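Undergrad: If you count by full-length UniProt numbering, then the sequence shown holds residues 1 to 97, one letter each, in order. One structure, as structure tokens, below. Some questions next.
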Amino acid sequence: MVNLRVLDLVKQAYTYEDGVVISDIVIRTFHENEKVTLSFYGIDAIPSSFANGCFVRVLESFGLQKIKENLSVIDSTKQINSMIKSRLVFESQRNDL
1 MVNLRVLDLV KQAYTYEDGV VISDIVIRTF HENEKVTLSF YGIDAIPSSF
51 ANGCFVRVLE SFGLQKIKEN LSVIDSTKQI NSMIKSRLVF ESQRNDL
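Next up, the structure:
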């Protein structure tokens, strides 16, 4: 199990590029067959640009089932949870992932 705290890795959870920093680590960790716990401690909300960079890239590489089984989100808010879910559901349906 790999524990990642978003604000330990990026200054803010705002841009697509910020999300890519996180997704690169998650993708690398998934390739090593490890599970990831992702903490949003200190973050109240994320925009879709960050969610796309962070989660949609992982979705495109591994599919929704792998994310459900191997990625846990902690220390988050309703807005963060809703944004993650909406982006993953939309992209998985759009791309049949």
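A virtual CB, placed ideally from N, CA and C, is assigned to each residue, including glycine. These numbers come from a predicted model, not from an experiment.
How far does the alpha helix (DSSP H) with residue 10 in it extend, from its first residue to its last?
TA: Position 10 of the sequence shown, counted from the first residue, corresponds to residue 10. Neither: residue 10 is in no alpha helix (DSSP H) and is coded neither H nor E.
Undergrad: Using three-state DSSP, classify residue 33 as helix, strand or coil.
TA: Start at 1 with the first residue of the sequence shown, and residue 33 comes out as number 33. Coil at residue 33, not helix or strand.
Undergrad: Can you list, in chain order, the residues of its chain with a C-beta nearer than 7 Å to that of residue 42? Leave out the 5 residues immediately preceding and following it.
TA: The sequence position of residue 42 within the sequence shown is 42, counting from 1. Closer than 7 Å at Cβ, skipping near neighbours: 7.
Undergrad: Whole angstroms are fine: how far does the CA of residue 93 sit from the CA of residue 39?
TA: In the sequence shown, counting from the first residue as 1, residue 39 sits at position 39. In the sequence shown, counting from the first residue as 1, residue 93 sits at position 93. Their backbone Cα atoms lie some 26 Å apart in a straight line.
Undergrad: Use the C-beta contact count for residue 55: other C-beta atoms within 10 angstroms, 16 or more gives buried, fewer gives exposed.
TA: Along the sequence shown, read from residue 1 onward, the residue named residue 55 stands at position 55. Under this definition residue 55 is a buried residue.
Undergrad: Between the C-alpha atoms of residue 29 and residue 1, what's the straight-line distance to the nearest angstrom?
TA: Numbered from 1 along the sequence shown, position 29 holds the residue referred to as residue 29. Numbered from 1 along the sequence shown, position 1 holds the residue referred to as residue 1. C-alpha separation (whole angstroms): 9 Å.
Undergrad: Going by alpha carbons, who is nearest to residue 51 out of 86, 9, 10, 4?
TA: Working through the sequence shown from its first residue, we reach residue 51 at position 51. Of the listed residues, the one whose Cα sits closest to residue 51 is 86.
Undergrad: Tell me which residue opens and which closes the beta strand (DSSP E) that residue 74 is part of.
TA: For the purposes of this step, residue 74 is taken as the residue at position 74 of the sequence shown. 71-74 is the extent of the beta strand (DSSP E) around residue 74.
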